[in-house]
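Below is one structure; the comments refer to it alone.
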């Protein structure tokens, strides 16, 4: 028994610093008693999660998780990599099972959450199937994404535009926040722009607190879109914008 | 795919078989979400935990080895690790949780009948009921609250050096009762 042996519980409960944690892992390799105790602790606690009462899962959680997965750098392998080399692909050493001090909230998590909420909307807007249907959700693919920048006069406004392919249909999804308040007869119009040629791609009126989103099927539109913009108009789907630009960004 | 065992599904998922991954997800979503909620007492954080666990599983940041035990135990461990990291992070920025409010045995939160681990839970619950109150408490503080040894010592007014022994004894008693209750063990 040495000083390190005192750290077993705190290692199990991840309350050691990263440095202490690494030192304890080194100790584990040399101390059969600690590694046996750790194994015992794992064994003795393995039933405890099942004390949990069942609670209802949010209906959009699965869509969020799968949207986050589509954002990971590995997702493109899904289409190209065959599945018949599973043994080679099976990783050898665990990383995360060893408790290591976390390093704060990663920005990608927030980005993934944002994408997830958007993709969920897209999913709900583009299919009649319930969210539990496996096939429909798996086929969501993010083709392009743009963060739209506020133009003068709409300084706090933010929006994300995403081009999503769902089965064979492509939709443009725009989700905006902190939009300036509209007059009674006004609406927000989304445009997709190829070079200097805009085409209307959905309109919406925001909620009281300035949030709004719209999905628009792109199947009727053709072009190599370089920009997505939002303007204030008095009529939806005009051939070209008449009002002022609130947000714009390249996609 | 629905009847394929976890280990095979995991191997396929690790090789980026999306359908296998999805089957695993569907199989464990409710358990993982419920467990994450049990640990964090916050639906939003529980969602974040579920997302983190499955994204890391998919992209290979966390990897399961079959010789280290069942997939479900591994998944639950990963979930707990993430959840207690979150609890700790929130505590740092926010406030201490009200420990007294929670007990090891919960009242059922819903009237739903479609349980997946209901029988198992009942067996473990009965076993927990056989433990002394202070043993139930120390398990709650250690396993579900993820408190440090020092905090458990402070909370239970125990000398630091005796905490590990107390926890081990409580867990061993519990395991003994669970085995008596109907032989539920994990896998």
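Residue numbers (UniProt numbering), protein chains in the order written: chain A, 1 to 251; chain B, 1 to 187. Heads up, the beta-carbon is just placed ideally off N, CA and C, and yes, glycines get one too.
- Contact of residue 27 (chain B) with chain A is not assigned, every C-beta pair being separated by 8 Å or more.
- Interface criterion not met: the Cβ of residue 71 (chain B) is under 8 Å from no Cβ in chain A.
- An exposed status is given to residue 67 (chain B), since fewer than 16 other beta-carbon atoms sit within 10 Å of its beta-carbon.
- Under the Cβ distance rule, residue 126 (chain B) does not count among the residues neighbouring chain A, no pair being separated by less than 8 Å.
- Per the coordinates, the alpha-carbon of residue 68 (chain A) lies some 8 Å from the alpha-carbon of residue 51 (chain B).
- For residue 239 (chain A), the three-state secondary structure derived from DSSP is coil.
- Of all residues in the region 25 to 54 of chain A, only 37, 40, 41, 42, 43, 44, 45, 46, 47, 48, 49, 50, 51, 52, 53, 54 come within less than 9 Å of chain B when Cβ atoms are compared, listed by chain position.
- Contacts with chain A at 8 Å (Cβ-Cβ) do not include residue 41 (chain B).
- Residue range 187 to 194 is occupied by the beta strand (DSSP E) that includes residue 191 (chain A).
- With its beta carbon at least 8 Å from every one in chain A, residue 138 (chain B) lies outside the interface.
- From the listed residues B:122, B:164, B:134, B:45, the smallest Cα separation to residue 148 (chain B) is found for B:164.
- Taking C-alpha positions only, residue 251 (chain A) is separated from residue 211 (chain A) by approximately 21 Å.
- Of A:37, A:145, A:25, the smallest CA-CA separation from residue 71 (chain A) is found for A:145.
- Contact annotation for residue 38 (chain B) against chain A: 49, 51, 52, 53, 55 [CB-CB distance below 9 Å, chain order].
- In the structure shown, residue 213 (chain A) falls within a strand segment according to DSSP collapsed to helix, strand and coil.
- Three or more beta-carbon pairs separated by less than 8 Å link the region 81 to 93 of chain B to the region 32 to 45 of chain B, which places the two stretches in contact.
- Counting C-beta pairs closer than 8 Å gives three or more between the region 130 to 148 of chain B and the region 8 to 24 of chain A, which meets the contact rule.
- By the rule that beta-carbons nearer than 8 Å mark a contact, residue 2 (chain A) does not touch chain B.
- Excluding residues up to 5 positions away in sequence, 151, 153, 231, 232 lie with their Cβ nearer than 8 Å to the Cβ of residue 244 (chain A) in the same chain.
- Put simply, the region 191 to 210 of chain A touches the region 218 to 227 of chain A. At least three CB pairs are less than 8 Å apart.
- Taking each of A:34, A:203, A:41, A:184 in turn and checking the Cα distance to residue 175 (chain A), the smallest one comes out for A:203.
- Around residue 63 (chain A), no beta-carbon contact reaches into chain B at under 7 Å, the shortest distance being about 11 Å.
- In the DSSP assignment, residue 204 (chain A) falls within the beta strand (DSSP E) that extends over 197 to 204.
- The C-beta of residue 36 (chain A) has fewer than 16 other C-beta atoms within 10 Å across all chains shown, which makes the residue exposed.
- Only residues of its own chain outside the window of five on either side were considered, and among them 154 have a CB closer than 6 Å to the CB of residue 180 (chain A), listed in chain order.
- The DSSP-derived three-state label of residue 62 (chain B) is coil.
- Measuring C-alpha to C-alpha distances from residue 57 (chain A) to each of B:36, B:72, B:76 identifies B:36 as the nearest.
- For residue 49 (chain B), there are no neighbours in chain A by C-beta distance under 8 Å, as the nearest C-beta there is about 11 Å away.
- With respect to residue 127 (chain B), residue 178 (chain B) sits close: the two C-beta atoms are nearer than 8 Å.
- The alpha-carbon of residue 147 (chain A) is positioned some 6 Å away from that of residue 249 (chain A).
- Straight through space, the alpha carbons of residue 10 (chain B) and residue 64 (chain B) are spaced by roughly 8 Å.
- Judged by their CB atoms, residue 152 (chain B) and residue 138 (chain B) are nearer to each other than the 8 Å cut-off.
- Going by DSSP, residue 229 (chain A) is part of no alpha helix (DSSP H) but of the beta strand (DSSP E) stretching over 227 to 233.
- With a cut-off of 8 Å on Cβ pairs, the region 42 to 60 of chain A is in contact with the region 16 to 34 of chain B, counting three or more such pairs.
- The three-state secondary structure of residue 57 (chain A), taken from DSSP, is coil.
- Excluding its 5 nearest sequence neighbours in each direction, residue 62 (chain B) has C-beta neighbours in its own chain below 6 Å: 56, 78, listed in chain order.
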